[in-house]
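All residue numbers for the sequence shown refer to the numbering used here, where the first residue is 4 and numbers rise by one.
Glycine included, C-beta positions come from ideal geometry on N, C-alpha and C.
Small disclaimer: the values here were computed from a predicted structure and weren't measured.
In what follows, a single structure is set out as structure tokens and then discussed.
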Amino acid sequence: MAALADPKNTIEVLNRYHIVFQKKYGQNFLIDSHVIDKIISAAELTGEDTVIEIGPGIGTLTQYLCEHAGKVIAVEIDRSLIPILENDTLSAYDNVRIINDDIMKLDIDELIRVENNGKPVKIVANLPYYITTPIVMGLLEKRLPITSMTVMVQKEVAQRMQAEPGTADYGALSLAVQYYAQPYLAANVPVNCFMPRPKVDSAVIRLTLYEEPSVAVHDEKLLFSIIRASFNQRRKTLVNGICNYAGLNISRERIVKALGELKLSETVRGETLSLKTFAQLTDILSKDS
Ligand code: SAM
């Protein structure tokens, strides 16, 4: 079995099985062993780890995961790739389980219970970019037994996930991710490391999940509504963003009063507030509702 991280071997497999890249599934296969080494080292895998890989493709990253982890569960939506993985590229490994399913529809809690006795797993993936955010946020919000997620995403998505207050990339995604996890940007990855080449640069980001969310707040749903409202129209002040947001129904006076309690100006903009301040603002607003 040849290592697929060598482009010659990838091309050979693609030709042998007449594989046509499925654009609708975001298929951009890795062909650079240095990038895969960086993913493996960022994931800090040991032989004790069980890994869920989302979208193994033809098994390029999976081969490395099988070498470094105790067990690998690979979930691939494209049925035509399953026999290639089972009978060829991963056939040398007895620690891999290949599942043909859509990660968005799969009951991952149940999968972890059945395949790993409910014990925590690590997620490692070169994600399909058309559903990066729903996959990552879905896994975070469900509070599953996951210790970390080391994923290849579009570079600008990685920058937004790890952005700090006051920067151009800071927004609702930064706050949502950082509520659940600590981000670490492990590598920037240029387009020539993939086949076919994607249109945008990529990056590997590791999210280490907190046992409890990074800030305490009484009404989590309200926190995320306020965050969404604050970034809905970027150039607006926080007060205008929140009081114009459909469904929130919080008066201007209440918001100005709450900002006053936090010693913040009524012209403050959402992009300058930390997650902790958003949580404090939410607690004040939920108290006197
Ligand atoms: N891991 C391989 C690699 O690094 O070369 C392939 C990565 S490719 C960017 C994304 C993979 O995810 C493709 O194999 C694609 O078919 C698969 N995929 C796309 N949508 C999926 C979904 N909803 N559930 C599971 N797999 C999916």
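Please state the DSSP three-state secondary structure of residue i.
{"i": "M198", "result": "strand"}
{"i": "S205", "result": "strand"}
{"i": "I138", "result": "helix"}
{"i": "L212", "result": "strand"}
{"i": "R272", "result": "coil"}
{"i": "K224", "result": "helix"}
{"i": "I229", "result": "helix"}
{"i": "A95", "result": "coil"}
{"i": "V180", "result": "helix"}
{"i": "A219", "result": "coil"}
{"i": "A175", "result": "helix"}
Between which residues of its own chain and residue i is the CB-CB distance below 8 Å, once the five residues before and five after are set aside?
{"i": "T240", "result": "E269, T270, V271, R272"}
{"i": "S289", "result": "H221, D222, L225"}
{"i": "A179", "result": "M140, L143, F227, I230"}
{"i": "Y248", "result": "S228, R231, A232, N235"}
{"i": "I245", "result": "I229, A232, S233, L251, I253, I258"}
{"i": "T275", "result": "P168, G169"}
List the DSSP bridge partners of residue i.
{"i": "F32", "result": "M198"}
Check for me: the beta strand (DSSP E) holding residue i runs from which residue to which?
{"i": "A189", "result": "184-192"}
{"i": "K279", "result": "Here K279 belongs to no beta strand (DSSP E); instead the alpha helix (DSSP H) covers 278-290."}
{"i": "V99", "result": "99-103"}
{"i": "V127", "result": "124-129"}
At what residues does the alpha helix (DSSP H) containing residue i begin and finish?
{"i": "I111", "result": "111-119"}
{"i": "R19", "result": "10-19"}
Can you name, in chain order, every residue of its own chain whose Cβ lies under 7 Å from the Cβ of residue i, other than the five neighbours on each side?
{"i": "V99", "result": "T65, C69, V75, A77, L93"}
{"i": "D52", "result": "A72, G73, K125"}
{"i": "N12", "result": "A5, A6"}
Can you name, in chain order, every residue of its own chain whose Cβ lies under 6 Å from the Cβ of residue i, other than the five neighbours on each side?
{"i": "G29", "result": "P131, Y132, Y133"}
{"i": "D104", "result": "V78"}
Which full runs of the alpha helix (DSSP H) of 4+ residues lie inside the stretch 22-90, going along the chain?
-> 36-46, 63-71
Quick one: which unbroken alpha helix (DSSP H) runs of 4-plus residues sit fully inside the stretch 143-172? Chain order, please.
-> 158-165
Scan the stretch 233-267 and note each continuous alpha helix (DSSP H) run of 4 residues or more that stays entirely inside, going in chain order.
-> 241-246, 255-264
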